[in-house]
Structures are given as structure tokens and as C-alpha cells.
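Taking full-length UniProt numbering as reference, the numbering of the sequence shown is continuous, increasing by one, and the terminal residue is 249. Shown next, in C-alpha cells, is the structure this report addresses.
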Amino acid sequence: MSEPANAAGNGVALASRIQQLLLPKTPPVCSWGCIGVMNRMATALGGDYFDFISMPDGREVVFIGDVTGHDIQSSVVMSLVYGFLHHCALTVDDPLTMVSQLNRFLVRFADHGTELDHHFSSTLFLGIIDPASLRLEYVNAGHVPPLVLRRNSLHRLASTSPPVGFFAEAEVATGCFGLERGDRLLLYTDGILDASNGTETFGAERLDAFLTATGGSYTRFMDELAAALRDFGAGDPPDDDCSAIVIDI
């Protein structure tokens, strides 16, 4: 192998290890809910990311996103997003300010070189859950809508803003949802919807039906979701990153 190719391979391996360090190994243990996660990457360098941040006042930040691309630059964007949001959570107490500041930061960073452009962009869902009231305040920046299953009804947390990193003065808005005991909240990335068996994609309708029909614990739910994707005929590894967070309130 040539020296440049070897250096490139080492760079990819290092970036992949950094990504694995950033992704949480286990979800947090919370008094107000049970949390499970799934992450299946298409390549050594993925574009999906998610994490949880405990705020000083006891509220919990949960975020999930999908960076443009699957290369070293996407891993850099992921690192920037992680670091920025973790820092924000120490000083900022609302999702609107967090996402607005992150958006401006990514746009300024991309402005350092014209070749970066939209590659420093990402979809993002960021929510803050108050364990006392179970109120979820969130910004959905162009991400696929999380789903809340309440008994037999599904509620979608639709997009409130464009993806971060595109527009310096993007109009960012918040949404609120009052969670209740017994609710199941599912956050996921578009790799699940776009999973293909060569003929059709898994799609939103199939995911809705799966969520409505699958009971049991949060751990069983995640196992069943992975099995449903395999049974559907989606590739392993998948064509696109597939990530999900399930929270049982």
C-alpha cells in the first residue's frame, strides 16, 4: 500500500474510533423513564449521532441527528456538534437557544472555506424533558419526526426548523409535548425508513404499524426493531446508518 493510501486509511480508522467514543455506550438510568438505543452504521464512518445530557437543574437533554455525508468531514461535524451541545447545556437552558447557537456556529465554521458549504449541515432533533412535569420542549431541525405512542394513538413531533448549518439566520422554533406515564417515545434516523430490500423501502407506514403492534419492554422493542429490519430484507450492514432511541415513560 502506498504511503498516502496508508495515511488515509489510518485517518479513517482514527475518525471511526473517535465516533465510537462519542456515541454513548449505554443509555442513562433515569427515575422517570427507561431508555434503549440502537445504532447500525453503514460504513466505518457514520453520519448518525445521538446522546443524552443531564442538566444541572435535573432536566434531561436528548438529541439525535444525521450529518451530511459518510466521511472524515462528517465525523468532524459530529465532533463539533457533540462538543458544542455539551458546552451549551452547562449555560443554556432551552432548546431554541441551543439549536440557534449551534446553527450559527456551523455556518461560521463552513464560511472558513467555500469547499465546505453544506457539508457542515445536519438534521437534528433536540428535546429537553422535565422529569417533574414530563413536559418535552424540543426543536426539530429538519429531522424525521419522532413518534409518541399513547395507548393506540400515534403523535408526530413534526419539523419546526430547517436543518442546522444551512442558513445563518434560520428561523428556529420550538414545539412542546406533554408526555404521560405509559407513553413510548421513539426517535430515529431516516436510515430506518429508507432501509431497502431491493424492491421497496421499510417506510413510515411500516414503522408506524410496528410501533403500534410491538409491546413489551424497551429492550425487547429494540431487539424486535432490529429483527424487523432484518426480516424485511434490509442489508447488514445497512445501506444507510440506522439509529433509534426508545424511551418508555
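Built from N, CA and C at the ideal position, the CB exists for glycine as well.
State yes or no: is the C-beta of C34 within less than 8 Å of the C-beta of Y188?
Not in contact: C34 and Y188 (Cβ atoms no closer than 8 Å).
Nearest to S159 by alpha carbon, out of A209, E137, R17 and L149?
E137
Going by Cα to Cα distance, which pick from T26, D130, F210 and S153 is closest to P95?
D130
Please state whether DSSP places D51 in a helix, a strand or coil.
Here D51 sits in strand by DSSP.
Are the CB atoms of I249 and L157 nearer to each other than 8 Å?
no
Give the DSSP-derived three-state secondary structure of T201 in the structure shown.
strand
Mapping the DSSP letters down to three states, classify F167 as helix, strand or coil.
coil
Should S122 and V76 be called a contact, given that it needs their Cβ atoms to be closer than 8 Å?
Taking 8 Å as the cut-off, the beta carbon of S122 is found no closer than this to the beta carbon of V76.
Measure the C-alpha to C-alpha separation of T26 and M55 and round it to an integer number of angstroms.
18 Å
Tell me which same chain residues have a C-beta within less than 8 Å of the C-beta of R181, skipping the five on either side of it?
For R181, where only same-chain residues beyond five positions count, the Cβ hits under 8 Å are L134 and I249.
Identify which residue in V81, T174, R220 and A226 has its Cα closest to the Cα of L207.
A226
D248, enclosing beta strand (DSSP E) - first and last residue:
C242 to D248
Report the CB separation of R190 from V148 in whole angstroms; it is logged as a contact under 8 Å.
The residue you asked about is not Arg; residue 190 is Asp in the sequence shown. In fact, because the Cβ distance is near 18 Å, the residues do not count as touching under 8 Å.
Exposure label - G58; buried when at least 16 CB within 10 Å:
Label assigned to G58: exposed.
Tell me whether P146 is buried or exposed, calling it buried when 16 or more other Cβ atoms sit within 10 Å of its Cβ.
buried
Report, in whole angstroms, the separation of the C-beta atoms of F125 and L106, which I expect to be a contact under 8 Å.
Beta-carbon to beta-carbon, F125 and L106 are separated by about 16 Å, too far to satisfy the 8 Å threshold.
Which two residues bound the contiguous beta strand (DSSP E) that contains D223?
Run containing D223: none in the beta strand (DSSP E); it sits in the alpha helix (DSSP H), Y218 to F232.
Rank S100, E200 and D194 by C-alpha distance to the C-alpha of S243 and give the top, closest one.
D194
Cα-Cα separation, S31 to S196
37 Å
Straight-line Cα distance separating I192 from A110:
29 Å
Return the residue from the list R184, G127 and F167 that minimises the CA-CA distance to S153.
Across the set R184, G127 and F167, the C-alpha of R184 shows the shortest separation from the C-alpha of S153.
What would DSSP say about C88, mapped onto helix, strand or coil?
helix
Secondary structure of D66, DSSP reduced to three states:
strand
Inter-residue spacing [alpha-carbon to alpha-carbon] between V172 and P162
Roughly 7 Å separates the two Cα atoms.
May I have the straight-line CA-CA distance separating I53 from F232, to the nearest angstrom?
34 Å
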